[in-house]
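In the UniProt record's numbering, the protein residues as written are 1 to 165.
We treat Cβ as the ideally placed atom computed from N, Cα and C, and that holds for glycine.
All figures in this text were calculated on a predicted structure; none of them were measured in a lab.
These notes are about the structure you will find just below.
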């Protein structure tokens, strides 16, 4: 069985979500999901089209974010791009606005999953995302960062990121 439900004051719910050992860092996959993941890995070992498309769409996403000076943490060398927000309250509020205004769901990543001051979103493209969908995400992040006064990259830093990708 997966899932659960808690009810309480907001501070209590936040504390449980952040520190309960049965909730954080311990989620295991059901056997059927694990089998599906294994089948996907086996498929991708032999087929390159999806992998090539994933790399292309990841480059496209990185470029779209850099063009808008959205801060992607430099540590990322995979298809998962950590977008730095740097404030737990703003990260949560930004996630809520992304969903409410733009119809985009991103999970805020806060302490203790990441260090205080490095709160972020982890975004990634898939082989099935279109260029238009990638642009929609980048534009939505740009609007939300402006709305909550979340710092963007300096112009020179954004240019350097674009050249590196």
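Going by C-alpha positions, residue 105 is about 7 Å away from residue 98. The three-state secondary structure of residue 7, taken from DSSP, is coil. Here the alpha carbons of residue 6 and residue 93 stand approximately 21 Å from one another. If only complete runs of 3 or more residues are kept, the UniProt domain "Aminotransferase class I/classII large" (3-141) shows the beta strand (DSSP E) at 81-84 and 120-123, in order along the chain. Cβ contact annotation for residue 29 (same chain, cutoff 8 Å, sequence separation greater than five): 37, in chain order.
Nearest in C-alpha terms to residue 90, of all of 17, 145 and 75, is 145. Non-local C-beta neighbours of residue 102 in its own chain, meaning closer than 7 Å and more than five positions away in sequence, comprise 140, ordered along the chain. When rounded, the separation of the alpha-carbon atoms in residue 33 and residue 107 is 21 Å.
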